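Numbering (our numbering), first residue to last: 685 to 978.
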Amino acid sequence: ENFRHDAEERIEQMRLTELLKTDQVTISCELFPPKQGAQLANYKNIVADMAALKPAYMSVTYGATGGTSDYTVELASEVEKHQIPALAHLTCASSTKEKVASVIEELKEKQISNILALRGDIPQNADFPLPNQYRHASELIADIKAQGDFCIGGACYPEGHPESKNKAEDIRYLKEKVDAGCSFLTTQMFFDNDLFYNFLYRIREAGIAVPVVAGIMPVTNAKQMKRILSMSGTVLPTRFKMLLDRFGDDPAAMKQAGVAYAVSQIIDLVANGIHAIHIYSMNKPDVAEQIKSS
Numbered sequence: 685e686n687f688r689h690d691a692e693e694r695i696e697q698m699r700l701t702e703l704l705k706t707d708q709v710t711i712s713c714e715l716f717p718p719k720q721g722a723q724l725a726n727y728k729n730i731v732a733d734m735a736a737l738k739p740a741y742m743s744v745t746y747g748a749t750g751g752t753s754d755y756t757v758e759l760a761s762e763v764e765k766h767q768i769p770a771l772a773h774l775t776c777a778s779s780t781k782e783k784v785a786s787v788i789e790e791l792k793e794k795q796i797s798n799i800l801a802l803r804g805d806i807p808q809n810a811d812f813p814l815p816n817q818y819r820h821a822s823e824l825i826a827d828i829k830a831q832g833d834f835c836i837g838g839a840c841y842p843e844g845h846p847e848s849k850n851k852a853e854d855i856r857y858l859k860e861k862v863d864a865g866c867s868f869l870t871t872q873m874f875f876d877n878d879l880f881y882n883f884l885y886r887i888r889e890a891g892i893a894v895p896v897v898a899g900i901m902p903v904t905n906a907k908q909m910k911r912i913l914s915m916s917g918t919v920l921p922t923r924f925k926m927l928l929d930r931f932g933d934d935p936a937a938m939k940q941a942g943v944a945y946a947v948s949q950i951i952d953l954v955a956n957g958i959h960a961i962h963i964y965s966m967n968k969p970d971v972a973e974q975i976k977s978s
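Following this line, the structure appears as structure tokens:
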């Protein structure tokens with residue numbers, strides 16, 4: 685797949701909703717900040733390597749349990765220095781409303797207009813929510829909208845959120861996010877495109893009309909896959925299970941097979957009219973480069 689949009693187009697379309705409403709195929713990628721500031725210079729090199737691939741935009745994750753959250757805004761600002769829109773994650777479960785407000789002010793100062801608003805994982809052994817915490821992403825989205833002129837995205841789960849009782853409840857909560865001011869959605873990773881197509885049908889039937897970005901994870905090692913499954917409960921198609929069984933003990937072969945599987949998903953998505961693809965690239969420019977060259 686080809687990473688599109690030259691520098692001039694990116695400057696004109698800093699708000700991601702304008703980008704996502706076009707019929708052009710957009711490929712974006714994700715970065716996560718360092719846990720320690722001493723590593724920041726190296727991470728800025730990763731930004732430069734990713735930017736050289738000319739993705740449509742780059743998202744920067746937020747460390748909900750502390751540490752990395754201090755560098756989200758700085759790394760997002762570094763992305764925009766390369767004339768590429770940054771999507772800054774903002775997670776609220778482990779933060780007070782005051783902390784969230786201060787991050788929003790930082791984003792304003794850096795002129796970063798795109799935010800992915802997430803509740804995040806609830807901290808273990810913690811009373812949640814406290815009076816000065818957000819309970820749901822929809823509350824966070826409403827506050828961001830009230831505090832600035834941001835383009836706000838949210839997360840969605842083609843297989844249903846792990847905490848939802850059923851898919852109908854999950855879609856009801858998703859509509860609350862959109863009604864609160866969420867103008868686009870990005871999916872959790874999935875490995876079965878049919879699940880995604882079914883999810884799109886159900887949310888459109890429920891009146892959710894905002895753009896949906898398909899999240900694709902190139903699985904490059906078997907241990908990574910086990911962590912994903914333990915955290916998300918993602919369903920694996922038989923074809924993918926066979927791939928793990930065949931190549932899981934051979935790191936080089938697993939990496940090649942994982943990239944090939946991701947590419948096959950992307951080709952199928954584009955063939956079925958899905959224009960926006962987000963690569964969970966795990967700070968690996970070489971993996972993103974392999975997908976681009978494929």
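No residue lacks a Cβ here, since even glycine has one placed at the ideal position from N, Cα and C.
Please read these numbers as outputs of a predicted model, since none were measured by experiment.
If you compare alpha carbons, which of Ala821, Tyr841, Tyr741 is closest to histidine 962? Tyr741
Classify tyrosine 818 as buried or exposed, calling it buried when 16 or more other Cβ atoms lie within 10 Å of its own Cβ. Around the beta carbon of tyrosine 818, a 10 Å sphere encloses 16 or more other beta carbons of the protein chains shown; the residue is thus reported as buried.
Is serine 978 buried or exposed, if buried means 16 or more other CB atoms sit within 10 Å of its CB? exposed
Rounded to whole angstroms, what's the CA-CA distance from aspartate 970 to threonine 904? Just pull it up for me. Spanning the two alpha carbons is a distance of roughly 11 Å.
Which of the three DSSP states, helix, strand or coil, is assigned to glutamate 714? Collapsing the DSSP output to three states places glutamate 714 in a strand.
Taking glutamine 949 and isoleucine 900 to be in contact with their CB atoms under 8 Å, please state how far apart those CB atoms are, rounded to whole angstroms. Beta-carbon to beta-carbon, glutamine 949 and isoleucine 900 are separated by about 6 Å, close enough to satisfy the 8 Å threshold.
Which of the three DSSP states is assigned to isoleucine 855 in this structure? helix
Let's test the definition: count the other Cβ atoms within 10 Å of the Cβ of isoleucine 828 and tell me whether it reaches 16, buried, or not, exposed. buried
Taking threonine 775 as part of the alpha helix (DSSP H), name the residues at either end of that continuous run. Threonine 775 -> not in any alpha helix (DSSP H); beta strand (DSSP E) instead, spanning 770 to 775.
Tell me, which residues are paired with isoleucine 961 by DSSP? Ile711, Ala898
Within 10 Å of its beta-carbon, does tyrosine 885 have 16 or more other beta-carbons around it, so buried, or fewer, so exposed? exposed
Where the alpha helix (DSSP H) containing glycine 942 begins and where it ends: 935 to 955
Where does glycine 751 sit, in a helix, a strand or coil, going by DSSP? Unreliable positioning characterises glycine 751 in this predicted model, as indicated by a pLDDT of 46, which lies under 50. The coordinate reading is nonetheless provided below. If DSSP states are grouped into helix, strand and coil, glycine 751 belongs with coil.
Let's see if you can read the secondary structure: which residues bound the alpha helix (DSSP H) around methionine 734? 724 to 735
First and last residue of the uninterrupted alpha helix (DSSP H) at threonine 922: 922 to 931
Distance between leucine 953 and lysine 705 (C-alpha atoms, nearest Å): 16 Å
Whose CA, out of Glu823, Gly942, Val919, Ser743, lies closest to the CA of methionine 698? Ser743
When the Cα atoms are used, what is the spatial distance from isoleucine 799 to alanine 839? 11 Å
State buried or exposed for leucine 869, treating a residue as buried only when at least 16 other CB atoms are found within 10 Å of its CB. buried
Return the CA-CA distance between cysteine 866 and glutamine 872, expressed in angstroms with no decimal places. 16 Å
Can you give the Cα-Cα distance for methionine 909 and leucine 920, rounded to whole angstroms? 10 Å
Between which two residues does the alpha helix (DSSP H) holding serine 786 run? 781 to 793
Which residue from Met966, Gln974, Ser712, Glu758 puts its Cα closest to that of alanine 898? Ser712
Going by Cα to Cα distance, which pick from Glu782, Lys738, Cys776, Glu790 is closest to isoleucine 768? Lys738
Below 7 Å CB to CB, which residues in the same chain sit around histidine 959 once its five sequence neighbours on both sides are set aside? Asp707, Gln708, Val709, Thr710
For glutamate 860 and alanine 718, the rounded distance between their alpha carbons: First, the amino acid is wrong: residue 718 is proline here, not alanine. Rounded to whole angstroms, proline 718 to glutamate 860 spans 33 Å at the Cα level.
Going straight from the alpha carbon of isoleucine 855 to that of glycine 891, what length do you get? 10 Å
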